[in-house]
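Positions 525 to 863 (the numbering used here) are the ones given, in order, by the sequence shown. Note that the Cβ used here is the ideal one computed from N, Cα and C, for glycine as well. Before any comments, here is the structure.
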Amino acid sequence: MTIDYDELIFEDRVHRRLYTDETIFRDEMRNIFGAVWVYLAHESQIPENDDFVTSRLGLRRIIVTRDSGGQIRALFNRCTHRGATVCRQEQGSAKAFQCPYHGWSFLNSGKLNGVPWPDGYADDVSDDKFNLAQLPRVQSYRGFIFGTLNEDAPGLEDYLGAVRKPIDDWLDRHPGGKVALCNANRLKFNGNWKLAYDNSADGYHVVFSHRSLLAMENRLVAEDEKGMAYYKDKPDDAPMYVQYLGNGHHFKDKRPNIEQNRPGALWAIEGPHPGMEHYEKALRDRLGDKADRVLDLASSEPVNINVFPNLLILGNHIQVLQPLSMTETDTTWYGTAVI
């Protein structure tokens with residue numbers, strides 16, 4: 525069945541079939557997750573040679589590994605013999621992976637390492653065709669590891685395009701310009717993956733869906749700063765904005781919602797910040813008057829940076845979307861720490 529997308533996508537709205545049609549989901553796995561740069565992992569998850577972390581590219585299971593020579597690779601997590609999963613741990617360190625079915629082992633470079641009783645096979649099992657398949661292109665941008673099946677795709681930096689600037693700003697809020705991922709929280713929800721991606725660029729739902737959180741924040745704000753609420757009484761009156769950056773990427777900036785867009789207001793509202801004094805001093809020494817704007821970026825959730833199709837940078841944490849089916853999605857939140 526061929527989908528006529530012109531009948532489903534209009535300038536100002538889309539048809540709900542985009543979230544419920546199995547054929548459309550298969551098209552997305554092939555034409556989006558199988559064709560563009562997809563976020564796989566963060567370099568902080570594999571800091572040393574032989575470290576690995578499992579991931580997904582669409583429906584394909586992937587092992588992201590820093591092999592024994594230090595090269596970052598993305599291996600398909602399936603044995604080249606009968607397709608069994610060769611790595612069943614989420615994260616760790618290993619020089620090789622062994623298939624639990626027939627005992628074939630593979631180096632963390634993907635090369636076939638050993639086959640028990642090789643004379644029992646008709647083929648020459650030492651042939652390189654039995655190496656683990658791997659993504660033809662894997663690149664990092666400031667610690668974020670992406671991969672693509674598309675050998676003809678533009679380079680990663682070209683694909684990221686205008687979203688690189690908010691990513692750079694988000695990272696440069698730290699004196700060293702680097703973060704590490706920590707403390708994952710995973711949730712599987714019964715919904716299409718695009719619902720979560722859309723939600724991150726949506727500012728209208730907050731006063732309704734997050735009403736209890738906003739009420740708590742207002743209780744914490746000093747009386748003389750009550751006007752500096754995250755959201756005005758009417759969302760239409762709020763100066764926050766969402767910007768489309770091309771290639772499916774979005775940037776939502778909530779900082780202008782603070783009255784008069786006063787730099788440093790978010791940092792002040794959420795203070796005090798025990799244990800962060802050295803960080804604030806280092807930023808002020810390095811940036812001077814510009815430090816207030818950067819400190820706002822270090823607050824709870826001043827901006828949302830959406831990197832299409834599956835990476836969301838939300839305040840001090842990131843969210844990774846992994847579609848499982850048309851109506852099931854894994855979402856994983858990671859905290860971030862300065863390194």
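Buried or exposed (CB count within 10 angstroms, at least 16 for buried), residue i
{"i": "ARG540", "result": "exposed"}
{"i": "PRO780", "result": "exposed"}
{"i": "CYS706", "result": "exposed"}
{"i": "ASN674", "result": "exposed"}
{"i": "ALA739", "result": "exposed"}
{"i": "GLU552", "result": "buried"}
{"i": "GLY823", "result": "Per the sequence shown, residue 823 should be read as Ser rather than Gly. Buried: at least 16 other Cβ atoms inside 10 Å."}
{"i": "ALA805", "result": "Note that residue 805 is Lys in the sequence shown here, rather than Ala. Exposed: under 16 other Cβ atoms inside 10 Å."}
{"i": "ASN834", "result": "buried"}
{"i": "GLN569", "result": "buried"}
{"i": "HIS774", "result": "buried"}
{"i": "TRP641", "result": "exposed"}
{"i": "ASN714", "result": "exposed"}
{"i": "ASP536", "result": "exposed"}
{"i": "ARG735", "result": "exposed"}
{"i": "THR547", "result": "exposed"}
{"i": "PRO798", "result": "exposed"}
Backbone secondary structure at residue i - three-state DSSP
{"i": "PHE549", "result": "helix"}
{"i": "LYS750", "result": "In this prediction, LYS750 scores a pLDDT of 48, lower than 50, which makes its location untrustworthy; no coordinate-derived value is stated."}
{"i": "ILE587", "result": "strand"}
{"i": "ASP651", "result": "coil"}
{"i": "GLN658", "result": "strand"}
{"i": "VAL766", "result": "strand"}
{"i": "LYS702", "result": "coil"}
{"i": "LYS635", "result": "coil"}
{"i": "VAL731", "result": "helix"}
{"i": "ASP575", "result": "strand"}
{"i": "LYS712", "result": "strand"}
{"i": "LEU738", "result": "helix"}
{"i": "ARG537", "result": "coil"}
{"i": "ALA645", "result": "In the sequence under discussion, the amino acid at residue 645 is Tyr, which differs from the Ala named in the question. TYR645 falls in the coil class under three-state DSSP."}
{"i": "ILE863", "result": "coil"}
{"i": "THR778", "result": "According to the sequence shown, residue 778 is Lys rather than Thr. Note: LYS778 maps to coil in three-state DSSP."}
{"i": "ARG580", "result": "strand"}
{"i": "VAL687", "result": "helix"}
{"i": "ILE793", "result": "helix"}
{"i": "ALA720", "result": "helix"}
{"i": "ASN674", "result": "coil"}
{"i": "HIS802", "result": "helix"}
{"i": "LEU564", "result": "strand"}
{"i": "ASN555", "result": "helix"}
Sequence-distant residues of its chain with Cβ nearer than 6 angstroms to residue i (five each side left out)
{"i": "GLN846", "result": "ARG580, ASP854"}
{"i": "VAL639", "result": "TRP628, VAL649"}
{"i": "GLY667", "result": "HIS566, GLU567"}
{"i": "PRO763", "result": "PRO780"}
{"i": "SER617", "result": "ASP574, ASP575"}
{"i": "ALA704", "result": "SER568, ALA861, ILE863"}
Option in the options with minimal Cα separation from residue i
{"i": "CYS558", "options": "SER650, PRO660, CYS603", "result": "Looking at the sequence provided, one finds Gly at residue 558 rather than Cys. Comparing Cα positions, the closest option is PRO660."}
{"i": "ALA620", "options": "LEU684, ASN637, ARG612", "result": "ASN637"}
{"i": "HIS566", "options": "ALA657, THR578, GLU546", "result": "THR578"}
{"i": "ARG710", "options": "VAL818, GLY607, VAL844", "result": "VAL844"}
{"i": "ILE793", "options": "ASP820, PHE775, TYR768, LEU811", "result": "ASP820"}
{"i": "HIS605", "options": "GLU681, CYS623, ASP591, GLY701", "result": "CYS623"}
{"i": "ASP852", "options": "PHE654, GLU531, LEU719", "result": "According to the sequence provided, residue 852 is Glu. The question's Asp does not apply to it. Taking only the C-alpha atoms, the option nearest GLU852 is LEU719."}
{"i": "HIS626", "options": "GLU614, ARG550, ALA608", "result": "ALA608"}
{"i": "PHE549", "options": "LEU583, LEU631, ASN830", "result": "LEU583"}
{"i": "ARG585", "options": "ILE596, GLN595, LEU564, ASP575", "result": "LEU564"}
{"i": "ASN907", "options": "GLY859, SER849, GLU535, PRO571", "result": "No answer is possible for residue 907: it lies beyond the span of the chain, which begins at 525 and ends at 863."}
{"i": "PHE576", "options": "GLY679, TRP561, HIS698, LEU631", "result": "LEU631"}
{"i": "MET525", "options": "ASP545, HIS797, PHE654", "result": "ASP545"}
{"i": "GLY812", "options": "SER733, PRO699, PRO826", "result": "PRO699"}
{"i": "ARG554", "options": "GLY644, ILE587, GLN615, THR672", "result": "THR672"}
Contacts around residue i, its chain only, beta-carbon distance under 8 angstroms, and the 5 residues preceding and following it disregarded
{"i": "ASP748", "result": "Bear in mind that the predicted position of ASP748 carries a pLDDT of just 49, short of 50, making it too unreliable to give a figure here."}
{"i": "GLY593", "result": "ASN573, SER633"}
{"i": "ASN723", "result": "HIS729"}
{"i": "HIS841", "result": "TRP857, TYR858, GLY859, THR860"}
{"i": "TYR765", "result": "LYS776, ASP777, PRO780"}
{"i": "ASP652", "result": "LYS635, LEU636"}
Residues near residue i by beta carbon distance below 7 angstroms, same chain, minus five either side
{"i": "ASN771", "result": "TYR683, GLY685, PHE832"}
{"i": "ARG612", "result": "none"}
{"i": "ARG597", "result": "THR589, ASP591, SER633, GLY634, GLN658, VAL662"}
{"i": "GLY788", "result": "ASP816, LEU819, ASP820"}
Contact with chain D by residue i, beta-carbon distance below 7 angstroms
{"i": "TRP791", "result": "Among the chains of the structure shown, chain D does not appear; only one protein chain is present."}
Quiz item: Which whole runs of the beta strand (DSSP E) in the segment 807-859 are 3 residues long or more, in chain order?
Solution: 827-831, 835-838, 841-849
Practice problem: Would you list, in sequence order, the uninterrupted beta strand (DSSP E) runs of no fewer than 3 residues that lie entirely inside the segment 587-631? | Solution: Counting whole runs of 3 or more residues, the segment 587-631 contains the beta strand (DSSP E) stretches 596-600, 615-617, 620-622, 629-631.
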